[in-house]
Amino acid sequence: MPQRKKREMTSFEEVSHFFDQAADQLKIKDELRDIMRSSYREVRVQLPVRMDNGSIKVFVGYRIQHNGARGPYKGGLRYHPEADLDEVRALAALMTWKTAVVGLPYGGSKGGVQCDPGTLSEMELNKLTRRYTQSIAYILGPSRDIPAPDLGTNAQVMAWIMDAYGQLHGYTPAVVTGKPVELGGSYGRDAATGRGLVYVLAEAAHALKMDLKGARVAVQGFGNVGSWTARLIGELGCKVIAVSDVKSGVVNERGLDISRLMDHNKQAGTLAGFRGGEALTNDELLALNCDLLIPAAIGNVLHAGNAGKVRAKVVVEGANHPTTHDADDILEDRGVMVLPDILVNAGGVTVSYFEWTQNIQEFRWEEDRVNHELRKVMSRAFWTVWERAQFAHVPLRLAAFTVGVERVARAIELRGFVV
Ligand code: NAD
Numbered sequence: 001m002p003q004r005k006k007r008e009m010t011s012f013e014e015v016s017h018f019f020d021q022a023a024d025q026l027k028i029k030d031e032l033r034d035i036m037r038s039s040y041r042e043v044r045v046q047l048p049v050r051m052d053n054g055s056i057k058v059f060v061g062y063r064i065q066h067n068g069a070r071g072p073y074k075g076g077l078r079y080h081p082e083a084d085l086d087e088v089r090a091l092a093a094l095m096t097w098k099t100a101v102v103g104l105p106y107g108g109s110k111g112g113v114q115c116d117p118g119t120l121s122e123m124e125l126n127k128l129t130r131r132y133t134q135s136i137a138y139i140l141g142p143s144r145d146i147p148a149p150d151l152g153t154n155a156q157v158m159a160w161i162m163d164a165y166g167q168l169h170g171y172t173p174a175v176v177t178g179k180p181v182e183l184g185g186s187y188g189r190d191a192a193t194g195r196g197l198v199y200v201l202a203e204a205a206h207a208l209k210m211d212l213k214g215a216r217v218a219v220q221g222f223g224n225v226g227s228w229t230a231r232l233i234g235e236l237g238c239k240v241i242a243v244s245d246v247k248s249g250v251v252n253e254r255g256l257d258i259s260r261l262m263d264h265n266k267q268a269g270t271l272a273g274f275r276g277g278e279a280l281t282n283d284e285l286l287a288l289n290c291d292l293l294i295p296a297a298i299g300n301v302l303h304a305g306n307a308g309k310v311r312a313k314v315v316v317e318g319a320n321h322p323t324t325h326d327a328d329d330i331l332e333d334r335g336v337m338v339l340p341d342i343l344v345n346a347g348g349v350t351v352s353y354f355e356w357t358q359n360i361q362e363f364r365w366e367e368d369r370v371n372h373e374l375r376k377v378m379s380r381a382f383w384t385v386w387e388r389a390q391f392a393h394v395p396l397r398l399a400a401f402t403v404g405v406e407r408v409a410r411a412i413e414l415r416g417f418v419v
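Read in order, the letters of the sequence shown correspond to residues 1 to 419 in our numbering.
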């Protein structure tokens with residue numbers, strides 16, 4: 001009989017797989033697992049928008065609240081053609097485990113609008129964001145659910161959300177984080193995910209007794225996370241030899257001049273055509289001979305088909321779920337260490353937490369304080385996960401999920417909300 005091809009798991013099944021491994025490790029009862037695996041609330045909205053050419057286009061948006069046992073729901077808003085129900089559901093669950101791993105008083109949620117923001121004008125994006133905010137405003141709020149930027153969104157989109165929510169409820173800056181500094185955003189929020197990644201990497205190098213001086217780094221994605229990582233990782237003595245975006249990539253074995261690359265990207269809107277290196281594809285970047293590979297773009301980029309080709313010593317997950325569970329197993333068998341997303345990229349939500357507290361207190365922190373507190377949170381989280389991995393003899397991803405799942409399980413039990 002011909003062998004049937006194994007069906008690939010969906011993104012939510014991937015995240016649930018990691019959750020189940022952690023729940024097995026912790027011997028969590030089935031009834032509690034059922035509460036923790038599925039979402040609390042899933043909202044789908046229709047978003048008709050009058051386009052610049054006078055036509056009406058109907059977009060679809062989601063807001064998924066996964067688990068709120070540890071605090072208000074918290075999670076980014078993604079504008080991407082593949083931001084469907086399954087993807088947003090997976091990302092919402094990851095937020096629950098992420099906020100728990102770094103010890104923030106939040107649950108997990110995520111939003112998504114299926115669109116290609118690069119093809120929309122500023123006015124169309126503004127209208128779409130307002131429509132989306134008005135449609136889900138009844139489940140948002142500083143003590144309910146607080147969006148933030150993610151793939152395809154930025155501080156400007158957050159400003160529109162604040163304004164649209166304010167039209168219904170009055171001035172409420174704490175309803176959204178990642179805002180422009182002029183509107184109550186926090187100093188350091190823009191850089192926070194990349195900076196947090198660098199702080200975790202510094203601790204990991206210490207734990208692994210790895211010398212990062214001259215370490216050769218490849219970064220996939222040159223948006224918020226990728227570009228800040230590329231800018232800041234030099235502080236550890238690393239050299240960025242390759243970066244890519246959705247359309248193109250660039251490599252230079254002697255090291256890329258990141259500030260020149262930033263200028264080029266700003267002017268050209270793409271990395272293509274940069275003169276300080278040779279062109280390379282995303283597939284080539286993932287298989288590049290380097291010390292650190294940092295996926296910082298979209299999900300599922302490392303899969304069973306290419307994990308065997310990864311030549312980096314360590315994969316540092318700046319993006320959310322860039323590695324499928326098959327790829328995770330292959331990388332582990334091949335001795336490639338993976339620093340997992342729910343730890344590595346938690347710097348963004350951590351400074352979002354600082355922004356939210358500043359908004360509630362109506363008090364602004366200096367950037368030094370933000371970065372100092374961020375380092376404390378990221379370092380503590382790293383060592384908690386590291387020690388769990390050592391103690392339980394498990395990879396860092398499973399250790400991180402175990403820490404997160406255990407904290408959420410404990411909160412559910414303490415609250416006694418199952419009656
Ligand atoms: P962004 O929109 O600012 O940048 C995304 C980058 O990825 C761009 O350079 C884009 O060209 C590139 N890209 C898009 N599709 C690609 C593809 N198919 N192949 C290669 N490159 C591609 O997004 P971001 O905010 O930097 O988010 C990147 C990742 O980091 C996402 O997985 C996001 O969920 C995760 N993340 C972001 C934050 C944050 O604070 N922004 C926090 C935690 C995790």
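Where a beta carbon is used, it is the ideal one built from N, C-alpha and C, also for glycine. Remember, it's a predicted structure, so these values are computed and weren't measured experimentally.
Per-residue DSSP class, three states only, for residue i
i	result
LEU26	helix
VAL315	strand
PHE354	helix
MET337	strand
TYR138	helix
ALA297	coil
GLU278	strand
ARG41	strand
LEU232	helix
SER244	strand
GLY461	Residue numbering for the chain in the displayed model covers 1 to 419; residue 461 lies beyond these limits and cannot be assessed.
PRO288	For the record, residue 288 in the displayed sequence is Leu; it is not Pro. Looking at LEU288 - three-state DSSP - the assignment turns out to be coil, as it is neither helix nor strand.
GLY348	helix
ARG70	coil
PRO117	helix
LEU125	helix
ARG364	coil
LEU47	strand
MET1	Note that MET1 has pLDDT 47, beneath the 50 cutoff, so the model's placement of it is unreliable and the number below is only indicative. Three-state result, MET1: coil.
LEU343	helix
LEU104	coil
LEU302	strand
Nonlocal neighbours in the same chain, by C-beta distance under 6 Å from residue i, ignoring five residues either side
i	result
TYR353	LEU104
ALA420	Because the chain in this structure spans residues 1 to 419, residue 420 falls outside the shown range and cannot be described.
GLY112	TYR62, ARG78, ALA83, VAL88
ALA399	VAL385, ARG388, ALA389
ASN359	PRO173, ALA174, GLY184
VAL225	THR193, GLY194, ALA296, GLY318
LEU232	GLY194, ARG195, VAL198
VAL301	PRO295, PRO322
ARG407	ALA100
MET1	Unreliable placement is indicated for MET1, whose pLDDT of 47 sits below 50; the coordinate value is still reported in the next sentence. Answer for MET1: no residue qualifies.
MET337	VAL314
GLY404	TRP97, ALA100, VAL101
Neighbourhood of residue i by C-beta distance below 7 Å, restricted to the same chain and skipping five residues each side
i	result
SER248	THR270, LEU271, ALA272, ALA279
ARG254	none
VAL344	LEU197, VAL200, VAL316, GLU317, GLY318
Start-to-end residues for the alpha helix (DSSP H) that takes in residue i
i	result
GLU332	325-333
GLN267	258-268
ILE56	It is not in any alpha helix (DSSP H) - ILE56 instead sits in the beta strand (DSSP E) that spans 56-67.
VAL370	367-392
LEU77	It is not in any alpha helix (DSSP H) - LEU77 instead sits in the beta strand (DSSP E) that spans 73-79.
VAL101	85-101
Delimiting residues of the beta strand (DSSP E) encompassing residue i
i	result
ALA148	145-149
VAL405	That residue, VAL405, is in no beta strand (DSSP E); its alpha helix (DSSP H) goes 396-415.
GLY308	It is not in any beta strand (DSSP E) - GLY308 carries neither H nor E in the DSSP assignment.
ASP249	Note that residue 249 corresponds to Gly in the displayed sequence, not to Asp. Run containing GLY249: 249-251, per the beta strand (DSSP E) assignment.
Residue i CB to nearest heavy atom of the ligand COA below 6 Å
i	result
ALA319	Among the ligands present in this structure, namely the ligand NAD, the ligand COA is not found.
Own chain, CB closer than 8 Å to residue i, minus 5 neighbours either side, in chain order
i	result
ALA453	In the structure as shown, the chain starts at 1 and stops at 419, and residue 453 therefore has no counterpart that could be examined.
To test your reading of the DSSP string, which unbroken alpha helix (DSSP H) runs of 4 or more residues are found completely within the region 152-222?
155-169, 192-208
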